[in-house]
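Per our numbering, the sequence shown starts with residue 10, numbered consecutively.
Below is one structure, written out as structure tokens; comments come after it.
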Amino acid sequence: MKENKTLMLAEGGVCIALSLALSYLKIPIGLTFGAFGGSIDLVMIPLIIFAVRWGMGWGVLAGLAFGTLKYFVANGWAVSWVSIIFDYSLAYAAVGLAGLLRRRWKLLPLAALIGCVGRFIIHYISGVTVYAQYMPEEFMGITKLTPPLYSLLYNGTYMVPNTILAVVLCALLALPLEKYFSKKS
């Protein structure tokens with residue numbers, strides 16, 4: 010049992026480090042639409058793989074650790090401590106929900122979708138609450154915005170492409186990772 014926990018912690022550290030390294034390779038999206046942020050990147054892939062391998066609890070914890078580190082190490086930006094918690098710590102912790110499909114490597118694309126939807130929900134809540142006061146008069150050609158619509162559109166600009174990318178890459182990785190997922194240690 011101790012060997013499995015050591016292996017899990019080592020894999021978690023590697024996946025968090027890999028996600029941090031991948032956070033520097035991104036296509037910024039949010040700056041075009043409102044100056045707050047958002048990008049297309051691959052940071053969720055190692056977190057999703059880890060969560061599916063070890064389960065939701067450990068996946069959420071790895072996502073929480075990554076999100077917090079991402080803010081402090083990888084040029085994070087926030088308007089307040091609340092936005093740090095929502096847009097980094099909790100949003101990436103929600104990616105760990107992919108672990109609901111623990112050890113179901115054939116369902117890796119579905120796990121990616123679950124993790125991405127979880128992250129989107131947290132960003133959406135942050136947009137409706139924290140960022141509503143920064144909502145522009147016009148966004149994407151729409152002038153009569155409400156905070157829920159603004160958050161949906163804004164977060165959708167980067168989360169929809171990220172979700173598609175994560176699901177497709179996880180579908181492509183599911184078969185090559187079969188041995189990784191099927192090993193018990």
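Glycine included, each C-beta is placed from N, C-alpha and C at the ideal position.
Counting the other Cβ atoms within 10 Å of the Cβ of residue 52 gives 16 or more, which makes it buried. For residue 167, the CB contacts under 8 Å within the same chain, skipping 5 residues up- and downstream, are 38, 39, 47, 48, 49 in chain order. Exposure of residue 151 is indicated by the presence of fewer than 16 other C-beta atoms within 10 angstroms of its C-beta.
Closest in C-alpha terms to residue 169, from the list 21, 125, 13, 30, comes 125. Put simply, of 173, 140, 175, 172 the residue whose alpha carbon is nearest the alpha carbon of residue 158 is 140. A contact is defined here as three or more CB-CB pairs under 8 Å, and the segment 60-80 meets this definition with respect to the segment 100-118. Take the alpha-carbon of residue 36 and the one of residue 72: they are about 21 Å apart. Assignment of beta-bridge partners to residue 151 by DSSP yields 148. Taking a 10 Å sphere around the C-beta of residue 136, we find 16 or more other C-beta atoms and assign the residue as buried.
Taking C-beta separations shorter than 6 Å and ignoring five residues to either side along the sequence, the partners of residue 55 in its chain run 24, 27, 28, following chain order. Of all alpha-carbon atoms in 79, 181, 109, the one lying nearest the alpha-carbon of residue 100 is that of 79. Annotation for residue 83: 29, 32, 33 place their beta carbon closer than 8 Å to its own, counting only its chain and skipping 5 residues before and after.
Residue environment for residue 97: buried (at least 16 other C-beta atoms within 10 angstroms of its C-beta). As for any alpha helix (DSSP H) of minimum length 4 sitting wholly inside the segment 74-154, the runs are 90-93, 100-104, 117-138, ordered along the chain. Only residues of its own chain outside the window of five on either side were considered, and among them 133, 136, 137 have a CB closer than 6 Å to the CB of residue 160, listed in chain order. Using a 10 angstroms sphere on the CB of residue 90, the tally of other CB atoms stays under 16, which defines it as exposed. One Cα belongs to residue 145, the other to residue 87, and the distance between them is close to 17 Å. Here residue 172 is buried, its C-beta having at least 16 other C-beta atoms within 10 Å.
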